[in-house]
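Novice: So the protein sequences, as listed, match chains A and B. Each residue of the first sequence is one higher than the last, beginning at 1 in this note's numbering. Each residue of the second sequence is one higher than the last, beginning at 285 in this note's numbering. One structure follows; several queries about it will come next.
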Amino acid sequence: MRKPKWKTNLYIALMLAPALLLTMGIIVYPIINTVIRSFSSPEDGSFTLANYVFLLTDDVSMENIAYTLWIVVVTVVLSILISYVLALYLRFYDTKISKFIGTIYLLPRFVPSLVAVYAMITIIRDSGFLNRVSRLFGYNFKPGLMYNARGIILMNLWFNIAFATMIIVAALSSIPDSMVESARDVGARKINVFLNMILPLSFKDVMVAMTFIFMSNVSSFTTPFVMGGNNPIMLGVYLRKQFSEYSNYEIAAALSVIMFLFSSVSAIIYIYTNLKEKEWEKAN
Amino acid sequence: MKRKMKKLCVCAVLCFLMLSPFTLFAGGQREGSAAGNGGGKPKVTLWATGSDNVRMLFEKLIDEYNAKPGSTSVVELQFVMSGSGGQTLSDRIAAAKLAGKTDTDFDLLAENGSALASYVDKAGGDLFVPLDFSKIPNYANVKMKSGFFTDCVVPYRGTTVVMAYDSVRLPNPPKTWAELDAWITSHPGRFAYNPPGSGGSGAGFVNLALYKDLPPEAKVSTDEKWVEQWGPGWDWLKSIHPYLYTSGGKVVYPNKNQGTLDLLINKEVDLIPAWADQVLTNISRGILPESTKIYQLTPALNGTDVVLAVPNIGGGAEKTYDFINFMISPAAQKICLETIFAVPVIDASLIDSTYKTMVKDLDISGFSVISNGKLGDVRNQYWDKNIARLP
């Protein structure tokens, strides 16, 4: 490649400047501000660790952190499992049903989240659709899914399965049929093809999906606010409480930083798996 | 090439990561924009806060006023939706005031009378300009003079928390506090209120529990000493906890005013505290059945007048008088009543509307006002820590 001249470099810098300035102004500056505030005392603004100490020792706060992580981990595991099976089905079975599912499975991505949440509520609330159907048959079935973790996880699955399936299907599509067929030709059993070929080849994309699901759910607000109970609550709702109900701005800032760190851990795992070259890939 | 793609991917993840938690916290600051001037009349920017029905009300009223041939100013609305940034309206006004600004566009403020204390707490006692009532002729018709900053405000509607129930399932609702206590414990799972931090009807109910036996001066005080007197109220709230609405085997306090209304709509409970205007709006739209009724407990749940006030950092009181006068005219009071079932501040006989019967039992002069300013935060925090966590 030709070495770029300084003029070209200047041109690139000029083109990037507005985006960079915008990023500095609306992302970097608030982040720095938040981090500084999280170490400030509410009374006189002096340096203190009290906000973090409170969040990491207070009973309510610790319950909320544990509750959030639990919901997010369950959401990640279940949505990946379900998505993987669904993706395998969509990729390797060529039937009318699989084609139909293939066309509609992305639909949840296009429904506004608040609409989806309320639609789900009308079905699963104790007096909702399921309950009314059961009463037609003389039962009084109460799903008990509202105001607790089960409902939130159900809703999270609704949002995330479509997304994870989309990513995994893309990964599986890049595995050529000829490879699978040749393995089968030399006598590999289906389970071996899956464990030794398909799984390793799609592993990275599964990590991508997991990372994104983890990050978007750690800070989720709408679903836990509308469907969740009063205690424990997820961190997004807890943050809002600290911020606009208790007016504890410093604690809210510290909580933001903690949520940021949770997301960072998953991002580091993602970056690590992504940058690690597989031995056989190096040949490419 | 492949490596480049990877780098891009990593960048995308980092950007996403940075945005996700912080957007929540760094959320919306919005500044008022100056709009065109209508035919040389001075522009009045009205700042209001509340739920969406209040926004609809003001849009209607302002259209009506601006279209009126005799109007002497052009009013423009800046609306701050409660729950998203409601608190920042008082913060914003306080920030402008404390920064020494005197020529802002905070010309006129519409706010609950009981909330004004928190504005003054933050911005100082001289925030509101005393009004010259001789320039507001319709003020003579106003039945109720506000209990807060009486010389600086004009009430334009009343709003109150009431008890709402379904008369088919519950023919004889409990009318007094003692009856309510007995009814809740003998009808497990049929009563619900929302967390005080999530909406005014739950806050009104909790406030009444805390303040009903305290001296009258406590109800309008922001002095921390009253927090110690809340004990019996908290004990009572704890005692009814096991008898409240349950879902999935746990007692649940549904979030927001609408949360408890939804339970009443879906027949999951029979009795709730709710804002009168929200219940009446739901009935008129057919969401709640006609058999839904409202009544006031004895002692009464929290009500307040909603007032217009002029901050001393705006364009001055003079140009706002004509609009304030319009707001308490029979025509505007009729719009308030018919749009959001607001309790009129002028005598009902002056208003020509069939909606009057729906609010006839809600007498604004009998409202019980609790205005505890910053103590509301203390209350919410205690409730979340001690009531919400009960098994």
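Think of the CB as a built atom: it goes at the ideal place given N, C-alpha and C, for glycine as much as any other residue.
Check whether the segment 563-574 of chain B and the segment 544-552 of chain B touch, using three or more Cβ-Cβ pairs below 8 Å as the test.
Specialist: As far as the Cβ criterion goes, the segment 563-574 of chain B touches the segment 544-552 of chain B, which means the pair count is three or higher.
Novice: State yes or no: is the C-beta of residue 262 of chain A within less than 9 Å of the C-beta of residue 218 of chain A?
Specialist: By 1-based counting over the first sequence, the position of residue 262 of chain A is 262. By 1-based counting over the first sequence, the position of residue 218 of chain A is 218. Cβ distance < 9 Å, so residue 262 of chain A and residue 218 of chain A count as in contact.
Novice: Would you report the Cα separation of residue 148 of chain A and residue 532 of chain B, rounded to the nearest angstrom?
Specialist: Taking the first residue of the first sequence as position 1, residue 148 of chain A is located at position 148. Taking the first residue of the second sequence as position 1, residue 532 of chain B is located at position 248. Taking the straight line joining both Cα atoms gives about 8 Å.
Novice: Report the residues of the segment 121-132 of chain A with a CB closer than 7 Å to any CB of chain B, ordered along the chain.
Specialist: So the list reads 125, 126, 127, given in the order they occur along the chain.
Novice: With residue 169 of chain A as the anchor, note down where its alpha helix (DSSP H) starts and where it stops.
Specialist: Translated into the one-based positions of the first sequence, residue 169 of chain A becomes position 169. From DSSP, the alpha helix (DSSP H) with residue 169 of chain A extends over 149-173.
Novice: Run through chain A and tell me which residues come within less than 9 Å of residue 537 of chain B, C-beta to C-beta.
Specialist: Mapped onto the second sequence, residue 537 of chain B falls at position 253. Ordered by position in chain A, the residues that pass the 9 Å Cβ test against residue 537 of chain B are 147, 229, 230.
Novice: Can you tell me which of the three DSSP states residue 598 of chain B falls into?
Specialist: Reading the second sequence from its first residue, position 314 is the one you call residue 598 of chain B. Three-state result, residue 598 of chain B: coil.
Novice: Determine whether the Cβ of residue 60 of chain A lies closer than 9 Å to any Cβ atom of chain B.
Specialist: Along the first sequence, read from residue 1 onward, the residue named residue 60 of chain A stands at position 60. Answer yes: the Cβ-Cβ gap between residue 60 of chain A and chain B drops below 9 Å somewhere.
Novice: Contact check, residue 445 of chain B vs residue 337 of chain B under 8 Å by CB: the rounded distance?
Specialist: For the purposes of this step, residue 445 of chain B is taken as residue 161 along the second sequence, with counting starting at 1. For the purposes of this step, residue 337 of chain B is taken as residue 53 along the second sequence, with counting starting at 1. That pair is no contact at about 16 Å.
Novice: What does a CB cutoff of less than 7 Å around residue 671 of chain B pick up in its chain, not counting 5 residues either side in sequence?
Specialist: Locating residue 671 of chain B in the second sequence gives position 387, where the first residue counts as 1. Once the five neighbours on either side are set aside, the close Cβ partners of residue 671 of chain B are 521, 522, 525.
Novice: Take the Cβ of residue 379 of chain B as the centre, count every other Cβ of all protein chains shown within 10 Å, and call the residue buried at 16 or more, exposed below.
Specialist: Translated into positions along the second sequence, residue 379 of chain B becomes position 95. Flag for residue 379 of chain B reads exposed.
Novice: Using a cut-off of 8 Å between C-beta atoms, extract the partners of residue 226 of chain A located in chain B.
Specialist: By one-based count along the first sequence, residue 226 of chain A stands at place 226. In chain order: 539.
Novice: For residue 450 of chain B versus residue 540 of chain B, is the C-beta distance shorter than 9 Å?
Specialist: Locating residue 450 of chain B in the second sequence gives position 166, counting from the first residue. Locating residue 540 of chain B in the second sequence gives position 256, counting from the first residue. Against a cut-off of 9 Å, the Cβ pair of residue 540 of chain B and residue 450 of chain B comes out as no contact.
Novice: Helix, strand or coil for residue 580 of chain B per DSSP?
Specialist: By one-based count along the second sequence, residue 580 of chain B stands at place 296. Three-state result, residue 580 of chain B: coil.
Novice: At the 9 Å Cβ level, is residue 673 of chain B part of the contact set with chain A, yes or no?
Specialist: Position 389 of the second sequence, counting from 1, holds the residue named residue 673 of chain B. Closer than 9 Å: yes.
Novice: Determine the direct distance from the alpha carbon of residue 347 of chain B to that of residue 358 of chain B, and round the result to whole angstroms.
Specialist: Counting from 1 along the second sequence, the entry for residue 358 of chain B is found at position 74. Counting from 1 along the second sequence, the entry for residue 347 of chain B is found at position 63. Cα to Cα, residue 358 of chain B sits roughly 10 Å from residue 347 of chain B.
Novice: Going by DSSP in three states, residue 34 of chain A sits in which element: helix, strand or coil?
Specialist: Locating residue 34 of chain A in the first sequence gives position 34, counting from the first residue. Looking at residue 34 of chain A - three-state DSSP - the assignment turns out to be helix.
Novice: When the distance is taken between beta carbons, is residue 39 of chain A closer than 9 Å to residue 55 of chain A?
Specialist: In the first sequence, counting from the first residue as 1, residue 55 of chain A sits at position 55. In the first sequence, counting from the first residue as 1, residue 39 of chain A sits at position 39. No, Cβ-Cβ distance for residue 55 of chain A and residue 39 of chain A is not below 9 Å.
Novice: Counting only runs that start and end within the segment 474-537 of chain B, where is the alpha helix (DSSP H) found for 4 or more residues in a row?
Specialist: Counting only runs of 4 or more, we get 484-495, 515-524.
Novice: Roughly how many angstroms lie between the CA atoms of residue 352 of chain B and residue 659 of chain B, to the nearest whole one?
Specialist: Taking the second sequence and counting its residues from 1, the one referred to as residue 352 of chain B is at position 68. Taking the second sequence and counting its residues from 1, the one referred to as residue 659 of chain B is at position 375. Residue 352 of chain B and residue 659 of chain B: Cα-Cα distance of roughly 43 Å.
Novice: Between which two residues does the beta strand (DSSP E) harbouring residue 333 of chain B extend?
Specialist: Locating residue 333 of chain B in the second sequence gives position 49, where the first residue counts as 1. 327-334 is the extent of the beta strand (DSSP E) around residue 333 of chain B.
Novice: Where does residue 108 of chain A fall in DSSP's three states?
Specialist: Against the first sequence, residue 108 of chain A aligns to sequence position 108. Residue state, collapsed to three classes: helix.
Novice: With distances taken Cα to Cα, identify the nearest neighbour of residue 162 of chain A among A/29, A/209, A/270.
Specialist: Walking along the first sequence from the start, residue 162 of chain A turns up at place 162. Considering only alpha carbons, the answer is A/209.
Novice: Since residue 286 of chain A contacts residue 116 of chain A with CB under 8 Å, what's their CB separation in whole angstroms?
Specialist: The first residue shown for chain A is 1 and the last is 284, placing residue 286 of chain A beyond what the model contains.
Novice: Spell out whether any CB of chain A is found under 9 Å from the CB atom of residue 655 of chain B.
Specialist: Here residue 655 of chain B refers to the residue found at position 371 of the second sequence. So no, residue 655 of chain B is outside the interface.
Novice: Using a Cβ cut-off of 9 Å (strictly closer), state whether residue 507 of chain B contacts chain A.
Specialist: Mapped onto the second sequence, residue 507 of chain B falls at position 223. No - not a single Cβ of chain A is within 9 Å of the one on residue 507 of chain B.
Novice: Output needed in chain order: residues of the segment 242-253 of chain A with a Cβ under 8 Å from some Cβ in chain B.
Specialist: Listed by position along the chain: 243, 244, 245, 246, 247, 252, 253.
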